[in-house]
Amino acid sequence: MSSRTTEFRLLTLAGCAAALVPRLAHRGMFLDGVTYASIARNLAEGRGRFWEPFYTATIYPAFHEHPPLAFWLQSLWFRVLGDHWYVERVYCLVAAMLMAALLALTWRAVYAPPVHDTREHRERDADDWLPIALWMLAPVVSWSIVGNLLETTVCVFVTAAVAAIAIGSRAPAAAAIVTGCASGLCIAGAVLSKGPVGFFPLAAPVIMAVLPDRRRSSLWSAAGQWTMVALCAVVLYRAPSARDSLSTYVDQQIITALAGQREVSGSSITIVIALLQGVWLPMTLAIALVVAAARGWVRPTSRDRQVAIVFTLIGLAGTLPMLVSPKQTGHYLMPAVPFYAIGAAALVAETVDTLARRLSKGRGVFAIRILTAAVALVGLVAIWLPAVERDPMRLADLDRLAAVAPRGETVGICPSANGDWMLHAWMQRRFLVSLDAAEPHSHEWFLKSPDIAADCPPSMCVPISEPGGELMLMRCR
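So that you can map any letter, position 385 of the sequence shown is 382 in the numbering used here, and since no number is skipped, the others follow by simple counting.
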């Protein structure tokens, strides 16, 4: 491994750490992430079952808004580490590391020569940091990882599925079928984590067949992959609990979403705008900077162009089907970003190599080391910046309630506060508390919030938590 390769890998590591660790070191999360962590913790503690996860006693006591695998996987971490605020953060950090490793593995596999091919091939092992760097440049990647979104788990599975196809596409027929079966299992994992979005790697072996030296093995991989997915579907259909759970999910989530009967996010082309602005734009700007630093564009090799086309098409396979849904948000793109990153990296790899050779001489290596240290220092300092924390006032309120909160109880709230979904999520995540606005007077405990009516809270309830914030826990006689 050359010195310049080490320097660029360390710079990429520092950049990824700076993008993730400061925000992972804080407790605040997006609503969905808090909700999913609560469900995973509940599974770990025996509340709910795999095919019937439990959120709260008053909201989704049987949670079928998503398939359950991602919750169950995260619940394993709660079983091992206990119920602490950092458990879901560690899970997401490890998932990010797995994605980066799978990106590098896929990059190496697609440039490695087929087995038994004695012709000379241009390998790019030294550039395996490049797709990782471009991947992390897309804001949706770090946002999804830090937010504990389901796309994080889905991305691990789909990246592993395509990595298996890339490996199998250079192997003999028998090995290609085996790796195809492994890819099919990963696709099943992706679908059981977030539904149909996980199916798009089914297109990968067909698209990979565009590479002339990978055509035959890619098709063998496709046979193994599709057979395994079909087998998993049959097994799930024949299991009554799985069939009932997934049928409820399809009825409640997919059919109603496609019919526009659920919440509608953005416009009919939101996903395309997010792709252009949030993925391709930052990658294009990075490539432009590399070209400027290299003092010119170096034409990609024929192999580079083929790889760019293949992986861009795989990325589009994971993006364009979302256009049929009225419900589109930018983070839905996250599972497809690794493949856009590989495609972009292939286009700029020759130029990067030219720049790397230039920087390996004179003061170039020293400059890269200084930049790496600076990026690492910025990330380290950002850990202690209060501005990085999400929803600090709400977290401070919860800290004040911690000493007196009745763990595992149902607590009344004013009906006017029932729409505060983040309050529901955080009370469940921190204290296993379910909030009830339907019969708030029937409980021993009451949570007073800023949004209250004249006759709420009940007159027989007295404060027991420290004053000073927006939330006040009360006990009712």
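The beta carbon of each residue, even a glycine, is placed where N, CA and C say it ideally should be.
All values derive from a computational prediction rather than experimental measurement.
Count the other C-beta atoms from every protein chain shown that fall within 10 angstroms of the C-beta of residue i, then say buried if there are 16 or more, exposed otherwise.
i, result
"Met94", "exposed"
"Leu17", "buried"
"Asp124", "buried"
"Glu467", "exposed"
"Asp396", "exposed"
"Met(-2)", "Unreliable positioning characterises Met(-2) in this predicted model, as indicated by a pLDDT of 48, which lies under 50. The coordinate reading is nonetheless provided below. Per the 10 Å Cβ criterion, exposed."
"Tyr83", "exposed"
"Ser439", "exposed"
"Glu117", "Low per-residue confidence applies at Glu117: pLDDT is 49, beneath 50, and the placement is therefore not dependable enough to give any value."
"Met471", "buried"
"Pro383", "exposed"
"Val459", "exposed"
"Pro437", "buried"
"Gly12", "buried"
"Phe363", "exposed"
"Arg354", "exposed"
"Ile252", "exposed"
"Trp423", "buried"
"Tyr234", "exposed"
"Asp122", "exposed"
"Ser35", "buried"
"Ser299", "exposed"
"His81", "exposed"
"Ala256", "exposed"
"Ser264", "exposed"
"Val321", "exposed"
"Pro426", "For the sequence presented, residue 426 should be read as Arg rather than Pro. That one is buried."
Please classify residue i: does DSSP put it in a helix, a strand, or coil?
i, result
"Phe27", "coil"
"Met(-2)", "For Met(-2), the pLDDT reaches just 48, beneath the cut-off of 50, and the residue's location in the model is therefore unreliable, although a value from the coordinates is still provided. Met(-2): coil per DSSP, three-state reduction."
"Pro237", "helix"
"Leu470", "strand"
"Pro279", "helix"
"Val378", "helix"
"Leu208", "coil"
"Glu117", "Annotation note: pLDDT 49 at Glu117 (below 50); position unreliable, coordinate value reported separately. Looking at Glu117 - three-state DSSP - the assignment turns out to be coil, as it is neither helix nor strand."
"Ile142", "helix"
"Arg167", "coil"
"Trp82", "coil"
"Ser214", "helix"
"Pro136", "helix"
"Pro464", "coil"
"Ile266", "coil"
"Arg483", "Outside the displayed span of the chain (-2 to 474) sits residue 483, for which this structure offers no information."
"Gly257", "coil"
"Asp125", "coil"
"Pro202", "helix"
"Pro110", "coil"
Roughly how far, in whole angstroms, is the beta-carbon of residue i from the beta-carbon of residue j, given that I think they are within contact range, below 8 Å?
i, j, result
"Gln303", "Leu208", "6 Å"
"Pro202", "Ile162", "5 Å"
"Leu127", "Val349", "6 Å"
"Leu199", "Val226", "7 Å"
"Leu134", "Pro237", "Going by Cβ atoms, the distance from Leu134 to Pro237 rounds to 46 Å, so no, they are not a contact pair."
"Arg211", "Ser166", "4 Å"
"Ala285", "Cys229", "The Cβ separation is near 43 Å, so there is no contact."
"Glu347", "Arg296", "7 Å"
"Leu420", "Ser446", "7 Å"
"Leu8", "Ile380", "Rounded, the Cβ-Cβ distance is 19 Å, inconsistent with contact."
"Gly327", "Ala271", "4 Å"
"Val137", "Gly275", "5 Å"
"Ile164", "Ala106", "5 Å"
Any C-beta of chain D sitting closer than 8 Å to the C-beta of residue i?
i, result
"Gly165", "In summary, chain D is missing from the structure at hand, where a single protein chain is found."
Following a CB-centred definition, is residue i positioned closer than 7 Å to any heavy atom of the ligand SAH?
i, result
"Val138", "As far as ligands go, the structure on display features none, and thus does not contain the ligand SAH."
ask   = If you scan the region 384 to 462 from start to end, which runs of the alpha helix (DSSP H) of 4 or more residues do you find wholly inside it?
value = 389 to 398 and 418 to 428
Ranges of the alpha helix (DSSP H) found wholly within the region 285 to 340, counting only runs of at least 4 = 299 to 314
Three or more C-beta pairs below 8 Å linking the region 339 to 359 and the region 303 to 312 = yes
request  = Would you be able to state if there are at least three C-beta pairs under 8 Å between the region 454 to 463 and the region 412 to 420?
outcome  = no
ask   = Taking only runs of the alpha helix (DSSP H) that begin and end inside the region 8 to 76, which ones reach a length of at least 4 residues, in chain order?
value = Along the region 8 to 76, the alpha helix (DSSP H) occurs as fully enclosed runs of 4 or more residues at 28 to 41, listed in sequence order.
message = Would you call the region 189 to 198 in contact with the region 65 to 72, where contact means no fewer than 3 C-beta pairs closer than 8 Å?
response = Result yes; three or more Cβ-Cβ pairs closer than 8 Å.
message = Check whether the region 313 to 324 and the region 364 to 373 are in contact - that is, three or more C-beta pairs closer than 8 Å.
response = With a cut-off of 8 Å, the region 364 to 373 and the region 313 to 324 do not count as touching, because too few Cβ pairs lie within range.
task = Tell me, please, whether the region 85 to 99 touches the region 130 to 147 by the rule of three or more beta-carbon pairs shorter than 8 Å.
result = yes
message = Assess contact between the region 52 to 64 and the region 425 to 433, defined as three or more Cβ pairs (one per stretch) separated by less than 8 Å. Is contact present?
response = yes
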